[in-house]
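In our numbering, the protein residues as written are 58 to 185. Where is the CB? At the ideal position from N, CA and C, for every residue including glycine. Values in this document were obtained by computation on a predicted structure and should not be read as measured data.
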Amino acid sequence: MVTQITRGIKISVTTSFEGTYFKNYKIHFAFSYEITIENHSKDSVQLITRHWEIFDSLNNLEVVDGEGVIGKKPVLKPGESHTYNSGCLLSSPFGAMRGHFNMVNFTSTRNFKVIVPTFKLSAPFALN
Numbered sequence: 058m059v060t061q062i063t064r065g066i067k068i069s070v071t072t073s074f075e076g077t078y079f080k081n082y083k084i085h086f087a088f089s090y091e092i093t094i095e096n097h098s099k100d101s102v103q104l105i106t107r108h109w110e111i112f113d114s115l116n117n118l119e120v121v122d123g124e125g126v127i128g129k130k131p132v133l134k135p136g137e138s139h140t141y142n143s144g145c146l147l148s149s150p151f152g153a154m155r156g157h158f159n160m161v162n163f164t165s166t167r168n169f170k171v172i173v174p175t176f177k178l179s180a181p182f183a184l185n
């Protein structure tokens, strides 16, 4: 698990290898990840958008920007948390993701960025 706290918002990430798939005559390596967002600040906040940079060991980079996470824009009061699961496909058995969530603080009405720390994606059979 990797964790990071930005402006009182703690991000925790765990990952799992889900298997290999053939798509368009090419093998892909499927990974899932679980992200928990905890509000340790004194203000209510809302996640508005996400930004991901997805890397694989073949030097492929995919950038993903979008609204919310898995179709939701969670509001977190002080002490609350939100957990969600998602996944990605890589062209190799090793990779990593990093990114950030754009959030709004309801007290100050200011937007701020919460860093999602780099987390590794690796197929266990490829490790030695």
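Based on Cα-Cα distance, which residue from CYS145, ASN96 and PHE74 lies nearest to VAL132?
Here residue 132 refers to the residue found at position 75 of the sequence shown. Checking every option, the nearest Cα to that of VAL132 belongs to ASN96.
Measure the Cβ-Cβ separation of MET160 and VAL102 and say whether it is below 7 Å.
Position 103 of the sequence shown holds residue 160. Position 45 of the sequence shown holds residue 102. Yes; because the gap between Cβ atoms is below 7 Å, this pair is in contact.
Take HIS157 as the anchor and find which of GLY144, ARG107, SER98 and PHE79 has the nearest alpha-carbon.
Position 100 of the sequence shown holds residue 157. It is ARG107.
Quick one: give me the first and last residue of the beta strand (DSSP E) that GLY144 is part of.
The residue you call residue 144 lines up with position 87 of the sequence shown. It spans 138–147 - the beta strand (DSSP E) in which GLY144 sits, taken as one unbroken run.
Figure out for me which residue from MET154, THR166, PHE163 and MET58 has the closest Cα to the Cα of PHE112.
If you number the sequence shown from 1, residue 112 lands on position 55. Per the Cα distances, MET154.
Please go through the same chain and pick out, in chain order, the residues whose beta-carbon is closer than 8 Å to the beta-carbon of GLN61, but skip the five residues on each side of it.
Counting from one through the sequence shown, the residue named residue 61 turns up at place 4. Correct list, in chain order: LYS67, ILE68, ILE172, VAL173 and PRO174.
Which term fits PHE86, buried or exposed, when burial requires 16 or more other beta carbons within 10 angstroms of its beta carbon?
Walking along the sequence shown from the start, residue 86 turns up at place 29. By the 10 Å Cβ count, PHE86 comes out buried.
Rounded to a whole number of angstroms, what is the C-alpha to C-alpha distance between LEU147 and ILE84?
For this step, residue 147 is matched to residue 90 along the sequence shown. For this step, residue 84 is matched to residue 27 along the sequence shown. Cα-Cα distance, rounded: 9 Å.
Let's test the definition: count the other Cβ atoms within 10 Å of the Cβ of PRO135 and tell me whether it reaches 16, buried, or not, exposed.
Residue numbering aside, residue 135 sits at position 78 when the sequence shown is read from its first letter. So PRO135 ends up on the exposed side.
Round the Cβ separation of TYR90 and GLY144 to the nearest angstrom and send it over; I've been treating them as touching at under 8 Å.
By 1-based counting over the sequence shown, the position of residue 90 is 33. By 1-based counting over the sequence shown, the position of residue 144 is 87. With a Cβ gap of about 7 Å, TYR90 and GLY144 count as contacting.
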